Amino acid sequence: MEHTIPVERLTAPWERMTNENVLLRFVDTLLRGCGQVMFQNNPLTGLLFLIGIFVNSALLGLAGVIGLVVSTLTAMVLKADNNAIRAGLFGFNGILTGIGLAFFLKWNPTLPVYIILAGILSSIVMMSLVNVLGSRDVPALTAPFVLSAWIFLFAVFLFSHLQSTQAIQPALLKPSAAVQTALRPLPTSLVGAGITPLNLVEAFFRGIGEVFFQDNLLTGLIFLVAILVNSRISALFAALGSLVGMLTSLFLLGGDGHWVYHGLYGFNAVLSAIAVGGVFYVLTWPSAIYALFCALIATVLMASISVFLSPLGMPALTAPFVVSAWLFILPRNGFLALRSVTLGEVTNPERIRRAYREQALAH
Amino acid sequence: MEHTIPVERLTAPWERMTNENVLLRFVDTLLRGCGQVMFQNNPLTGLLFLIGIFVNSALLGLAGVIGLVVSTLTAMVLKADNNAIRAGLFGFNGILTGIGLAFFLKWNPTLPVYIILAGILSSIVMMSLVNVLGSRDVPALTAPFVLSAWIFLFAVFLFSHLQSTQAIQPALLKPSAAVQTALRPLPTSLVGAGITPLNLVEAFFRGIGEVFFQDNLLTGLIFLVAILVNSRISALFAALGSLVGMLTSLFLLGGDGHWVYHGLYGFNAVLSAIAVGGVFYVLTWPSAIYALFCALIATVLMASISVFLSPLGMPALTAPFVVSAWLFILPRNGFLALRSVTLGEVTNPERIRRAYREQALAH
Amino acid sequence: MEHTIPVERLTAPWERMTNENVLLRFVDTLLRGCGQVMFQNNPLTGLLFLIGIFVNSALLGLAGVIGLVVSTLTAMVLKADNNAIRAGLFGFNGILTGIGLAFFLKWNPTLPVYIILAGILSSIVMMSLVNVLGSRDVPALTAPFVLSAWIFLFAVFLFSHLQSTQAIQPALLKPSAAVQTALRPLPTSLVGAGITPLNLVEAFFRGIGEVFFQDNLLTGLIFLVAILVNSRISALFAALGSLVGMLTSLFLLGGDGHWVYHGLYGFNAVLSAIAVGGVFYVLTWPSAIYALFCALIATVLMASISVFLSPLGMPALTAPFVVSAWLFILPRNGFLALRSVTLGEVTNPERIRRAYREQALAH
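Just so you know, the protein sequences line up as chains Y, F and R, in that order.
When the letters of the first sequence are read in order and numbered with the numbering used here, they come out as residues 8 to 370.
When the letters of the second sequence are read in order and numbered with the numbering used here, they come out as residues 8 to 370.
When the letters of the third sequence are read in order and numbered with the numbering used here, they come out as residues 8 to 370.
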């Protein structure tokens, strides 16, 4: 496919360098781990993701890099499969775990230790899930991040050496409480509220940025470009996923407009749309619609899981994505209208589609 | 077996008609889906179930039919296995999802859309669970309904376009709070309370009716007749299950008498008793006792899961049945005192028993 | 290995007697069931565990024996695999279930019935998990106890015939609430508080005693001797596990000093350290470190799961051990730095290590 040539021209010299230098190979592994958060096994995508994060917050970026390095090193020390390590499959949960803990906990001398411990755990959980799910051709997705981060976040109520930020607020549920649906940047004020083009654009890009907890328009835009570098199909579904999350919560179901503005109904839908739209199913019209319905379910699950955790005040993280994507990936070839992709065949959506077409022609 | 002949005489012409007419075949599929809620792959049983529901509430019946149609169509559009669709295996979760959402949420323009989305999801979850559990010969039971309905019910706290009914009441748990055990129709009054024959009969039949959320003596009676049309063994265990649920909660453990009266300790025990008593194990004396103990555990689980969900005010639905039946079906042939039935062999309890006896004679 | 000879001299005559007498064989089965709580398939270890329990509380001991007998008899009546029964694999969850219910519920005429029902359930859950996990060479651990006890404990809020003790206190979570970290015996007083040698010794041994809910220094000491009778490696890791739990919670994370004193951060770490340190992985330097990290994660999980259950006021039981050990056992040979042990090869750590070395020499 023509569109991949410019990127390959850019990355070819880098690939040669990584073959010769151990340190550069390790950097390449880290960057791929960063890219794998959105299923892009591409160091350039990973680098752009990192830039997008640091544009918004150097502190969150630092926490992410700690988690990324620790989780990758853990897999290397314990001698996991080298191809999996090189593809960044032990890094993507680590970077999310690092950012997640730094987002919900206050910085103090214990926090870096906590991030390191959780980062190590994320790679052990990853290997557990690879063993449990791999034989069924089901990917672990970001479940190792969700589990590791939840384990360490829940515990902080009982540990005095760690303090949660304002983002963690246990609350009693009240069925009669009104949900404030006006699309707006501030939680309690209506300044700047309304279905304006600017507000919709903010919501759209922040939905992509929030995949890495980055509540920032520019970061969301950089992320979208980063995906585009590796796959036009994934970039399209990232955008469609953010749209589905935004439109479903805003117009169909009437979610909190403050959440919508900050992309909180978007990021899980983004991930579900990318995963089901072209990565774990060959992209066809039926699988495209199936992927967008999965993004819609991820949006509903964002509310469900948040409600479930509200007595603890804990965040849903990317659990809505993991649950919805598992539910939509598990049927595999049980639905003959869809053509599923085995884990060994997963590359990027364009190549998967091409391989499938060539195979179909050969018959 | 002689008792099946009259029913077969009734259904034989219908079967011929369904072979010739696409629309009648679809209606037959829907009716079987309705019957499968209690493991009865029989359109007449399904029709009587529907009548029983409409006798109590046309609105709940309508919601159920929407869910039934949507979930069945989803499986057809996605091209699931045709035999499974025809046996009603994609409809039974859909009808329960429809009724469940309409029972716990107020009717408004968004509710039908919500039911349709949840109905589609229920068939996708069904296929997921069939893939996960099928290789172990473990049935999905009503887990797709429970998961789909929970996902959509939990979310309503955060969606202004949907409102919950009075049945959803988040509450703080108090260990010292007294449980009011008098058997009675009204929650706070003692009018008509006491262990009277009428109250016991009410509790018994409502326990069967509540399988479909139908809090109605007559509906429970119609349901029992509906099961009897297809299987005397299943009807017996439905009745025994309701008895176990009622007697355990009322006399042994001291449950809320208002819950007992309205069959809330009965319906999960009914389903567990039918499933373990003759469907997934060959009916013998040991498996009969095992089934009744499973019904007792379902009764305890009704309390456990309700307590677990009480901070959210969310209903246990048929999760107590799913959990107890899975725990009792999973041992399979690990207990040599029991003879388990593979999923491919599951028909109705009488035929399973006959096939097992013939096989035993042949050896 | 020389150290096992004295023990074998002690147990050899007993083994002969159990071969000849049905009743003694049953007693032997019960004692092995008791020993299996800490992975020691040894009747003498089990006897010493029982003595340790009765030293602290005859009533808890009685409840444990009821659970032990009932769960073992259930497996015999249902005809589970005889070798598994004889190895005590159906007893260890029963004894924990009995003690657990008696610890958190008040004695009354219904409690023994409740313990019997939960004890029966524990053996059915055990067989379920053996079927689900066994094919992956993953042990059920104490999950059948945790599930059975939770099912019966959660339910008591809704059953008037059972009352919970003061140990069950539902509470709202407050992120700002201060955690009192001083190491001390009494919850609200600072009498005797501080990092004193006596307090540390108390915490260390109570951490081992709490595996069976025994909050007692002497009992913890007897337990350690009981393990030593069967395996020096397991005794070492029990001690290391208790240390990891105590030191991590006390110094690294700042847990409640009252919890630390009473061993509540110790017992899950003890079990995780024994399981991963020499039982399910061959003991090597890498697996030793891996086991201690697993014990640390069990300590964090004690806080996480307690927080998760705090709106219900329910105890974490040994769920922190089960979750952490599963996460660390599931990677199996996915990490080439570790050498996992299949379920069929599990004996005691010394024998596993010797067999592995002989195998390595043969190559």
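Glycine residues also receive a C-beta, built at the ideal position from the N, C-alpha and C atoms.
In this text, all values refer to a predicted model and were calculated from it rather than measured experimentally.
- DSSP, reduced to helix, strand and coil, places S171/Y within a strand of the structure shown.
- For the 9 Å CB-CB criterion, V267/R and I359/R do not form a contact.
- G273/Y is the residue among L179/Y, L66/Y and G273/Y whose C-alpha sits nearest the C-alpha of A305/Y.
- What F161/Y touches in chain R, judged by beta-carbon distance under 8 Å, is A310, S311, I312, V314 and F315, going in chain order.
- Listed along the chain, the chain R residues whose CB falls inside 8 Å of the CB of T188/F are S167.
- Of the other Cβ atoms in all chains shown, 16 or more fall within 10 Å of the Cβ of S130/Y; this residue is therefore buried.
- G59/R sits close to F219/R, with the two beta carbons spaced by under 9 Å.
- Below the 8 Å Cβ cutoff, chain R contributes N138 as neighbours of R339/F, in chain order.
- The region 89-152 of chain F contains, as complete alpha helix (DSSP H) runs of 4+ residues, the segments 89-93, 99-111 and 117-141 (chain order).
- By the Cβ-count criterion, A369/R is exposed, with fewer than 16 other Cβ atoms from all chains shown falling within 10 Å of its own Cβ.
- In this structure, the alpha-carbon of V289/R lies about 29 Å from that of G74/Y.
- What V132/F touches in chain Y, judged by beta-carbon distance under 8 Å, is L334, going in chain order.
- Within the same chain, Cβ atoms closer than 7 Å to the Cβ of L38/F are found at P50, G53 and L54, the five residues on either side in sequence being excluded.
- Residue state for S183/Y is assigned as coil, using DSSP reduced to three classes.
- Contact annotation, P182/F with P318/F: C-beta distance approximately 14 Å; criterion of less than 8 Å not satisfied.
- Taking 9 Å as the cut-off, the beta carbon of L108/Y is found closer than this to the beta carbon of Y121/Y.
- When Cβ-Cβ separations below 9 Å define contact, L108/Y makes no contact with chain R.
- With a minimum length of 4 residues, the unbroken runs of alpha helix (DSSP H) contained wholly in the region 175-258 of chain Y fall at 204-216, 224-237 and 239-254.
- For T291/R, there is no enclosing alpha helix (DSSP H), since its DSSP letter is neither H nor E.
- By the criterion of at least three beta-carbon pairs nearer than 8 Å, the region 19-27 of chain F is not in contact with the region 224-237 of chain F.
- Boundaries for F46/R: no alpha helix (DSSP H) harbours it, and the DSSP string shows neither H nor E there.
- W157/F is classed as buried because its beta carbon has at least 16 other beta carbons within 10 Å across all chains shown.
- According to the DSSP secondary-structure assignment, S347/R is paired through a beta bridge with Y288/R.
- For I215/F against L231/F, the beta-carbon gap comes to about 6 Å, under 8 Å, which counts as contact.
- From the beta-carbon of V307/Y, the residues of chain F found nearer than 7 Å are I158, F159 and A162.
- Here F164/Y carries a helix assignment [DSSP, helix/strand/coil].
- Per DSSP, reduced to three states, the secondary structure at H265/F is helical.
- For the C-beta of D263/Y, the chain F residues within less than 8 Å are, from N- to C-terminus, L165.
- Around Q187/Y, the same chain offers D263, G264 and H265 as residues with beta carbons nearer than 8 Å, after the five sequence neighbours per side are excluded.
- Minimum Cα-Cα distance from F342/F among the listed residues C41/R, L17/R and A82/R corresponds to A82/R.
- Rounded to the nearest angstrom, the gap between the Cα atoms of P116/R and R143/Y is 49 Å.
- Nearest neighbour of P356/Y by Cα position, chosen from G126/Y, L154/Y, A280/Y and F33/Y, turns out to be A280/Y.
- For F300/R, the chain Y residues whose Cβ falls inside 9 Å of its Cβ are L124, I127, L128 and I131, in order along the chain.
- Annotation: the continuous alpha helix (DSSP H) that includes S331/F extends over A326 to I336.
- Between L96/F and V153/F, the CB-CB gap reaches or exceeds 9 Å.
- Cβ-Cβ distances below 7 Å link A150/F to L136 and V329 in the same chain, with the five nearest sequence neighbours on each side left out; the list follows chain order.
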